[in-house]
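Asker: Would you mind keeping the following structure in view while I ask a few things?
There are 2 protein chains.
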Amino acid sequence: MKKHSAPEIKKETLYLIESFAIEILKQIEKGQFPTIELPARTTGNIVYDQRLRQYVLGNKVIRRRASNVKHLRPLTQLTWVAYIASMLIKEGKSSTLRDVFYMASGSDVPFSSQDESDRIITELESILKHPREHFNIYPEERSAIFGDLDIEYTVKGYEGRVINLTMFPDGVVIGPALASSNFIQTSADKVIVIEKSAMFTRFIEEEAWRKFNAILIHTMGQAPRSTRVLIRRLNQELNLPVYLFADADPWGLHICQVIISGSANAAHIPELATPDAKWAGVYASDITKYDLPSEKLSEVDLKRLKELLRDPRYQSEPWKSEISYFFEVKKKAEQEAFSKYGLSFIVDEYLKARLEELESL
Amino acid sequence: MKKHSAPEIKKETLYLIESFAIEILKQIEKGQFPTIELPARTTGNIVYDQRLRQYVLGNKVIRRRASNVKHLRPLTQLTWVAYIASMLIKEGKSSTLRDVFYMASGSDVPFSSQDESDRIITELESILKHPREHFNIYPEERSAIFGDLDIEYTVKGYEGRVINLTMFPDGVVIGPALASSNFIQTSADKVIVIEKSAMFTRFIEEEAWRKFNAILIHTMGQAPRSTRVLIRRLNQELNLPVYLFADADPWGLHICQVIISGSANAAHIPELATPDAKWAGVYASDITKYDLPSEKLSEVDLKRLKELLRDPRYQSEPWKSEISYFFEVKKKAEQEAFSKYGLSFIVDEYLKARLEELESL
């Protein structure tokens with residue numbers, strides 16, 4: 085097990101920020117107007133890479149030149165954001181996109197809107213090829229994790245403290261501290277990701293984690309970016325297979341797919357995807373198979389499913405057949421629909437059968 | 085400190101459910117069609133009690149008679165929900181409103197919609213005078229808590245385990261397990277409640293909990309009911325004063341007020357309110373005082389503020405003056421606006437000054 089990955093990632097990010105600064109400084113020392121290059125994030129430069137199974141950026145770059153008066157403002161802003169990022173890492177403080185917008189309001193170059201500051205932060209991500217979480221800009225959302233995994237905190241005041249993630253039966257918050265912790269050891273042999281927090285509690289209470297040797301993670305709907313980074317780390321650092329459970333509707337499918345292959349929006353940073361994660365339910369075919377309480381697919385649902393049919397990320401199995409089956413049954417079902425058979429059924433019967441099915445593939 | 089309150093509350097709830105069942109049984113044994121009474125939750129029977137400083141129900145009751153064919157269905161449903169509630173307590177399992185709806189779909193008397201099952205659950209609350217959390221029906225939302233408080237878990241597999249709530253620097257999830265734990269000991273002398281999770285993280289990182297001897301709680305916007313029950317318990321069982329921080333806009337005010345005096349919707353259960361909790365900011369007057377980055381109040385904001393002017397819960401200070409001041413400055417500001425002065429300012433300067441001000445009242 086890689087023991088000290090989290091602080092190394094921050095160290096590397098800081099090194100890259102400093103390299104970016106030195107690049108600019110060198111040009112100034114040579115008496116040149118500084119020019120920087122960054123990957124173009126235009127639609128034409130975002131491609132789905134079939135081999136990597138995720139969105140990536142193509143080779144197009146854009147240039148920002150201090151000699152161009154129109155470039156001066158975004159170049160200055162980018163440099164200021166890079167400074168803030170280095171300061172956040174050095175001081176071990178966490179912040180949000182919103183904070184950075186407000187911090188600038190006390191500086192000489194305020195942003196005109198949060199859209200502007202968010203865009204500049206994204207540019208810094210694309211230069212460093214690191215998600216903003218690595219320079220301590222975190223999402224507002226907090227999901228949770230539970231299971232037999234020892235982690236070691238690296239944040240101020242908690243350095244070196246090792247905690248087992250079964251200590252709190254409600255799960256452990258995935259905030260900045262957990263997101264920057266090291267994995268020390270685990271007896272788990274898989275990760276199960278669950279869309280809803282009450283279902284996550286069910287999986288703990290019904291001891292799904294013990295019965296299936298699993299680390300459990302809930303996403304609270306669309307998984308926050310920190311949670312997606314963590315799922316990737318569990319998969320890649322610990323070699324744990326990842327199984328994804330969400331509602332049987334187009335939104336549930338999309339929650340799983342974004343964890344698997346990222347989004348076009350985040351094509352500039354590969355660390356948000358877990359291409360080997362497997363969609364494990366609830367399938368459209370489960371609605372019939374288990375005679376689940378269901379609702380009719382709405383017009384909006386059907387429109388969304390049609391979009392998924394054309395999306396390159398949904399061209400493999402079981403996506404293709406399951407999407408066809410949605411059009412056939414015209415129904416959707418929630419994870420909680422299994423409560424029809426009592427509260428234990430989803431873990432003891434459904435999950436058991438599905439994991440056996442997927443593990444035998 | 086009351087040491088074993090949480091399991092006693094569940095025991096009492098179970099006793100009340102059984103008394104309700106025995107009541108029905110006795111009538112049947114006497115050869116009578118069973119009749120039950122429950123408090124009317126109609127608008128006319130919901131009153132704001134100035135002395136208790138919260139919404140309560142008046143004396144009107146409604147009757148459900150098995151001899152009336154129209155009453156038969158809701159009476160049967162109520163009895164079934166009471167059975168499910170007793171089963172949840174006895175088996176130590178948690179569930180949600182949605183689960184109960186689906187559980188009924190496997191029974192002989194399914195609900196026609198979740199509205200119907202939610203209403204019947206509310207009726208059971210009003211008969212028992214206990215929130216549904218006491219019979220293990222929990223909200224989907226999860227907020228978090230952090231601070232020097234030892235709690236003892238009472239849920240299955242964790243009975244008797246004592247945990248200190250500073251162990252996890254991201255905070256501890258307020259799920260079913262934490263909500264049903266006992267308070268063992270604390271060095272804190274106050275509770276600070278914070279609207280946003282990133283600001284909650286800021287308060288931990290900037291050691292607001294240590295500097296002000298405080299237990300910190302975040303609400304993730306409107307506080308989930310379990311969180312409101314917990315805030316009340318901290319105030320009443322541990323005699324800790326409670327201070328509430330939210331954005332300076334009508335929605336922030338309302339988040340604080342609902343924690344203080346509950347809502348008309350929950351007038352049938354007193355355990356959701358903390359009448360002694362104090363609104364501690366961000367005030368409209370802070371926008372001027374601290375020259376905060378702000379936005380114009382929208383039409384919707386102004387309409388909402390006008391509603392608050394007529395609401396009995398906003399007739400005392402500082403509510404009245406601050407609402408007037410909103411109309412004067414016509415601006416709103418977020419908690420993060422203090423980041424203009426760096427990330428430490430909100431704790432080291434603003435919070436310090438506000439707590440001194442409120443404690444000297």
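In order, the protein sequence lines correspond to chains A and B.
Going by the numbering used here, the first residue of the first sequence is number 85, and it counts up by one from there.
Going by the numbering used here, the first residue of the second sequence is number 85, and it counts up by one from there.
Note that the Cβ used here is the ideal one computed from N, Cα and C, for glycine as well.
Could you check whether R317/A and F267/A sit closer than 9 Å to each other, using their CB atoms as the reference points?
Answerer: Contact: yes.
Asker: Would you mind telling me which residues of chain A sit closer than 8 Å to D254/B, beta carbon to beta carbon, in chain order?
Answerer: Those within 8 Å of D254/B in chain A are R226, V256, V257, I258, G259, P260, A261, L262.
Asker: Should L109/B be labelled buried (16 or more other beta-carbon atoms within 10 Å of its own) or exposed?
Answerer: Result: exposed.
Asker: P377/B versus chain A: which residues are under 9 Å apart at the beta carbon?
Answerer: Chain A residues near P377/B: F185, Y186, S189, G190, P194.
Asker: Could you list the residues in the stretch 110 to 143 of chain B with a C-beta less than 8 Å from some C-beta on chain A, going in chain order?
Answerer: Going along the stretch 110 to 143 of chain B in chain order, one finds no residue with a Cβ nearer than 8 Å to chain A.
Asker: Rounded to whole angstroms, what's the CA-CA distance from I288/A to F329/B? Just pull it up for me.
Answerer: Cα to Cα, the separation comes out at about 32 Å.
Asker: Under 6 Å Cβ to Cβ from K240/A, same chain only, skipping five residues before and after it: list those, please.
Answerer: Result list for K240/A: G176, in chain order.
Asker: To the nearest angstrom, report how far apart A263/B and E236/A are at their CA atoms.
Answerer: Roughly 27 Å between the two C-alpha positions.
Asker: Who are L324/A's beta bridge partners in DSSP?
Answerer: Note: L324/A sits in no beta bridge, so no partner.
Asker: Closer than 9 Å, CB to CB, is A166/A near chain B or not?
Answerer: It does not; no Cβ of chain B falls within 9 Å.
Asker: Run through chain A and tell me which residues come within less than 7 Å of A421/B, C-beta to C-beta.
Answerer: Chain A residues near A421/B: Y186.
Asker: Just how far apart, CA to CA, sit K380/A and K415/A?
Answerer: So the two alpha carbons sit approximately 5 Å from each other.
Asker: Taking all protein chains shown into account, decide if L324/A is buried (16 or more other Cβ within 10 angstroms of its Cβ) or exposed.
Answerer: By the neighbour-count rule (16 or more Cβ atoms within 10 Å), L324/A is buried.
Asker: Between which two residues does the beta strand (DSSP E) holding Q138/A run?
Answerer: Where Q138/A is concerned, the enclosing beta strand (DSSP E) stretches over 138 to 141.
Asker: Given E102/B, which residues of its chain have a CB within under 8 Å of its CB, disregarding the five upstream and five downstream residues?
Answerer: S170, listed in sequence order.
Asker: For I301/A, which beta-bridge partners are listed by DSSP?
Answerer: Paired residue(s): I229/A, V277/A.
Asker: Starting from the Cα of L141/B, find the closest Cα among P194/B, R147/B, R148/B, Y132/B and give me that residue.
Answerer: Out of P194/B, R147/B, R148/B, Y132/B, Y132/B has the C-alpha closest to the C-alpha of L141/B.
Asker: What residue range does the alpha helix (DSSP H) around D133/A cover?
Answerer: No alpha helix (DSSP H) holds D133/A; the beta strand (DSSP E) holding it covers 130 to 133.
Asker: Under DSSP, the alpha helix (DSSP H) around F117/B begins and ends at which residues?
Answerer: Unbroken run through F117/B: none, as it is neither H nor E.
Asker: Which residues of chain A have a Cβ atom closer than 9 Å to the Cβ of I173/B, listed in chain order?
Answerer: Per Cβ cutoff of 9 Å: no residues; I173/B is ~13 Å from chain A at best.
Asker: Give the single residue among F422/A, A421/A, L386/A, Y425/A whose Cα lies nearest to the Cα of I407/A.
Answerer: Nearest option by C-alpha distance: L386/A.
Asker: Answer with yes or no whether the minimum CB distance from T358/B to chain E is below 9 Å.
Answerer: Within the model displayed, chain E is absent; protein chains A and B are what it includes.
Asker: Here's a check: name, in chain order, each residue in its chain whose Cβ is nearer than 8 Å to the Cβ of Q111/A, leaving out the five neighbours to either side.
Answerer: Cβ within range, chain order: F117, P118, T119.
Asker: Use the C-beta contact count for T285/B: other C-beta atoms within 10 angstroms, 16 or more gives buried, fewer gives exposed.
Answerer: Answer is buried; the Cβ neighbour count reaches 16.
Asker: Is E420/A helix, strand or coil by DSSP?
Answerer: The answer is helix: DSSP assigns E420/A an H, G or I state.
Asker: Taking 9 Å as the CB-CB limit, is I247/B close to chain A?
Answerer: Yes, contact with chain A.
Asker: Please compile the residues from chain A whose C-beta is within a distance smaller than 8 Å of the C-beta of S210/B.
Answerer: In chain order: nothing, as chain A lies at least about 23 Å away.
Asker: Using a 10 Å radius around the Cβ and a threshold of 16 neighbouring Cβ atoms, would you call Y167/A buried or exposed?
Answerer: The residue in question, Y167/A, is exposed, as its Cβ has fewer than 16 Cβ neighbours within 10 Å.
Asker: Roughly how many angstroms separate the alpha carbons of H214/B and E224/B, rounded to a whole number?
Answerer: The alpha-carbon atoms of H214/B and E224/B are separated by roughly 19 Å.
Asker: So with Cβ pairs under 9 Å, would you call K280/A a contact of chain B?
Answerer: For K280/A, the answer is yes, since a Cβ of chain B falls inside 9 Å of its Cβ.
Asker: With distances taken from CA atoms, which of Y139/A, E121/A, K280/A is nearest G336/A?
Answerer: Cα-wise, what sits closest to G336/A is K280/A.
Asker: Does chain A have any CB closer than 9 Å to the CB of R317/B?
Answerer: No, its Cβ sits nowhere closer than 9 Å to a Cβ of chain A.
Asker: Is S271/B buried or exposed, if buried means 16 or more other CB atoms sit within 10 Å of its CB?
Answerer: Burial call: exposed.
Asker: Is L356/B buried or exposed, if buried means 16 or more other CB atoms sit within 10 Å of its CB?
Answerer: With 16 or more Cβ atoms within 10 Å of its Cβ, L356/B is classed as buried.
Asker: Whose Cβ in chain A lies nearer than 7 Å to the Cβ of K177/B?
Answerer: In chain order: E289, L427.
Asker: Checking the sheet assignment: what are the DSSP bridge partners for R148/B?
Answerer: Answer is I120/B, bridged to R148/B.
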